[in-house]
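Colleague:
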Amino acid sequence: MKKAIGIFLLLIGSAGFSAAAPLRVVTSLQDLASIAGTIGGSRVETFSLAKGYQDPHFVEPKPSFVLRLSKADLLIVAGMEMEIGYLPPLLDQSRNPKIRPGGPGYLDASIGCEILERPRGVVTRAMGDVHPFGNPHYWLDPGNGRVIARSITTRLSQLDPPGAATFRTNLAAFEARLTEGEKRWDATLAPYAGTPVVTYHNSWPNFLKRFRLVAAGYVEPKPGVPPAPAHIVSLVNLMREKKVPLILMEPYFDERTPRAIASRTQAKLLTFIPSVGGVPAARDYIALFDYDVKLLADTLREKTGGK
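The C-terminal position of the sequence shown is numbered 378 in the working numbering, with every residue numbered one higher than the one before it.
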């Protein structure tokens, strides 16, 4: 009798452990993993395929990714073909139907977000690496971060109904922190509204629009196309004409060309972080904006003589 009771209690304990096991969430970006982890808390385990210091367009597939995806309960992608160069084969190899597009464990984080620069007409390779559905760097507007968090909350609640109340509570706390952050960031960058900047790659339209800065030009003549000498000369002339004080460069690009341009225009070359984890201080989604906004404001203050 005691043996039977022991087996019964063991089974109950095993079932309880299984029910409480966290959802395995795989994301294509650390930004999405950060938000998912904030909403899910202890009820999720997150893993990002791309690291914050890597180019999210070109992620090197690893065998360990297949294992992660095969066990995932939820896959969250940036979408808009950001992952098209590496993710489809990994999904095929994972043999996990629930995280394929259309499955209950697949979430496109771009849905509902403000997407900029949607191309009109036919997109061809002559245009460079233009995304046919618009610019995919939408998470760099904190307003879109709020949309992403709500989408993740809804999906986690569907996959783990007992955790729904926890997810809603965590969402409310995240949104409160984000709202306070937006007030802080807006106030910090308000003096520099309208300032023209040059960026290496066209990664920043959402960020620049949100904080009322202006993209005067790009080091790349077209997305993904290295600059030729004629383009560099043209860009230098434009920067001198518009008195552009700043070049923003992502951490995964070669700095030699933008540094040469900066030296010829008296502009400041600034390594700008587009994703959580790009530097240790950008430890989560809100800390990413804290880091970037402070870095940008400090640099512009220096370039404009304490404006």
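Glycine is no exception: its CB is placed at the ideal position from the N, C-alpha and C atoms.
1) Counting pairs of beta carbons, one from the stretch 147–163 and one from the stretch 97–104, are three or more of them closer than 8 Å?
2) Would you mind stating whether P298 and N273 have Cβ atoms separated by less than 7 Å?
3) Taking the beta carbon of P329 as the centre, do at least 16 other beta carbons fall within 10 Å, making it buried, or is it exposed?
4) Please specify which runs of the beta strand (DSSP E), each continuous and at least 3 residues long, are wholly inside the stretch 278–357, giving them in chain order.
5) Alpha carbons only, please: which of N277, F136, V307 and G111 is nearest the one belonging to V290?
6) Quick one: Cα of C184 to Cα of D231, how far?
7) Hey, does R255 have any beta-carbon neighbour from chain D nearer than 7 Å?
8) In chain order, what residues of the same chain lie with their CB nearer than 6 Å to the CB of A333, ignoring the 5 residues before and after it?
9) Just to confirm, is the Cβ distance from L187 to P292 under 7 Å?
10) Name the two residues that bound the continuous beta strand (DSSP E) containing E246.
11) Using 7 Å as the threshold, is the C-beta distance between L140 and L161 below it?
12) Give me, in chain order, the residues of the same chain whose beta-carbon lies closer than 7 Å to that of I182; leave out the 5 immediate sequence neighbours on both sides.
13) Hey, quick one: how far does the alpha helix (DSSP H) through R226 stretch, first residue to last?
14) Cutting at 7 Å between CB atoms, please list the residues of its own chain near M198, excluding the five before and the five after it.
15) Below 8 Å on the Cβ atoms is my guess for L227 versus F238; work out the distance and round it to an integer in Å.
16) What would DSSP say about P160, mapped onto helix, strand or coil?
17) Between which residues of its own chain and T370 is the CB-CB distance below 6 Å, once the five residues before and five after are set aside?
18) Would you list the one or two residues that DSSP bridges to L94?
19) Roughly how many angstroms lie between the CA atoms of T117 and K280, to the nearest whole one?
20) Which runs of the alpha helix (DSSP H), 4 residues or longer, sit entirely within the stretch 116–145?
21) Starting from Y177, follow its DSSP beta bridges and name the residues at the other end.
22) Need the endpoints of the beta strand (DSSP E) that P267 sits in, please.
23) Starting from the C-beta of F278, find all residues in its chain whose C-beta is less than 6 Å away, skip the five residues before and the five after it, and write them out in chain order.
24) Could you say which of P159, G176 and Y362 lies nearest to R255 if we only look at CA atoms?
25) Quick one: is F129 buried, meaning 16 or more other Cβ sit within 10 Å of its Cβ, or exposed?
26) Within a Cβ cutoff of 7 Å, which residues of the same chain sit near Y209, ignoring the five residues on either side of it in sequence?
27) Out of curiosity, what's the CA-to-CA distance linking E326 and A358?
28) Run the CB neighbour count on A143, radius 10 Å, all protein chains shown included, and call it buried at 16 or more, exposed below.
29) Hey, out of F136, P127, K133 and Q164, whose CA is closest to M151's CA?
30) Is it true that the CB of D355 sits closer than 7 Å to the CB of S119?
Modeller: The short version:
1) yes
2) Indexing the sequence shown from 1 puts residue 298 at position 227. Indexing the sequence shown from 1 puts residue 273 at position 202. Their beta carbons are not under 7 Å apart, which means P298 does not touch N273 by this criterion.
3) On the sequence shown, residue 329 is found 258 positions in, with the first residue counted as 1. Answer is buried; the Cβ neighbour count reaches 16.
4) Along the stretch 278–357, the beta strand (DSSP E) occurs as fully enclosed runs of 3 or more residues at 285–289, 317–320 and 339–342, listed in sequence order.
5) The sequence position of residue 290 within the sequence shown is 219, counting from 1. When each option's Cα is compared against that of V290, the closest is V307.
6) Locating residue 184 in the sequence shown gives position 113, where the first residue counts as 1. Locating residue 231 in the sequence shown gives position 160, where the first residue counts as 1. About 24 Å.
7) This model lacks chain D altogether; it includes just one protein chain.
8) Mapped onto the sequence shown, residue 333 falls at position 262. Closer than 6 Å at the Cβ level, and outside the excluded window around A333, lie I318 and L340.
9) Translated into positions along the sequence shown, residue 187 becomes position 116. Translated into positions along the sequence shown, residue 292 becomes position 221. In this structure, L187 keeps its C-beta atom at 7 Å or more from the C-beta atom of P292.
10) As a first step, residue 246 must be located in the sequence shown, where it is residue number 175. In the DSSP annotation of this structure, E246 is not part of any beta strand (DSSP E); the continuous alpha helix (DSSP H) holding it starts and ends at A235 to L260.
11) Along the sequence shown, one-based indexing puts residue 140 at 69. Along the sequence shown, one-based indexing puts residue 161 at 90. Yes; because the gap between Cβ atoms is below 7 Å, this pair is in contact.
12) Sequence index remark: in the sequence shown, residue 182 carries index 111 (1-based). Only S222 meet the Cβ criterion.
13) What you label residue 226 is simply residue 155 of the sequence shown in a count that begins at 1. Element bounds for R226: P213 to L230.
14) Within the sequence shown, the letter at position 127 stands for residue 198. Per-residue confidence for M198 stands at a pLDDT of 49, beneath the threshold of 50, marking its modelled position as unreliable; no derived number is given.
15) As a first step, residue 227 is located in the sequence shown; it is residue number 156 there, counting from the start. As a first step, residue 238 is located in the sequence shown; it is residue number 167 there, counting from the start. About 5 Å; that satisfies the 8 Å criterion.
16) On the sequence shown, position 89 is the one that residue 160 refers to. Helix, per DSSP.
17) The residue given as residue 370 occupies position 299 in the sequence shown. Same-chain partners within the cutoff: K339 and L341.
18) Along the sequence shown, read from residue 1 onward, the residue named residue 94 stands at position 23. V115, per the DSSP bridge assignment.
19) Working through the sequence shown from its first residue, we reach residue 117 at position 46. Working through the sequence shown from its first residue, we reach residue 280 at position 209. Using only the alpha carbons, I get a separation of about 30 Å.
20) Entirely contained in the stretch 116–145, the alpha helix (DSSP H) runs reaching 4 residues are, in chain order, 134–142.
21) The residue given as residue 177 occupies position 106 in the sequence shown. Y177 is bridged by DSSP to L146.
22) In the sequence shown, residue 267 corresponds to position 196, counting from 1. P267 to T270 is the span of the beta strand (DSSP E), which, as asked, contains P267.
23) In the sequence shown, the residue the question calls residue 278 occupies position 207. These residues qualify, in order along the chain: L211.
24) Counting from one through the sequence shown, the residue named residue 255 turns up at place 184. The shortest Cα separation from R255 among P159, G176 and Y362 belongs to Y362.
25) As a position in the sequence shown, residue 129 is number 58, starting the count at 1. Exposed, since its Cβ has fewer than 16 Cβ neighbours within 10 Å.
26) As a position in the sequence shown, residue 209 is number 138, starting the count at 1. Taken in chain order, the residues that qualify are S181, C184, E185, I186, N215 and N277.
27) In the sequence shown, residue 326 corresponds to position 255, counting from 1. In the sequence shown, residue 358 corresponds to position 287, counting from 1. Looking at the two C-alpha atoms, the distance is approximately 25 Å.
28) If you number the sequence shown from 1, residue 143 lands on position 72. When all chains shown are included, A143 counts as buried.
29) Walking along the sequence shown from the start, residue 151 turns up at place 80. Closest option to M151, Cα to Cα, is P127.
30) Taking the first residue of the sequence shown as 1, we reach residue 119 at position 48. Taking the first residue of the sequence shown as 1, we reach residue 355 at position 284. No, Cβ-Cβ distance for S119 and D355 is not below 7 Å.
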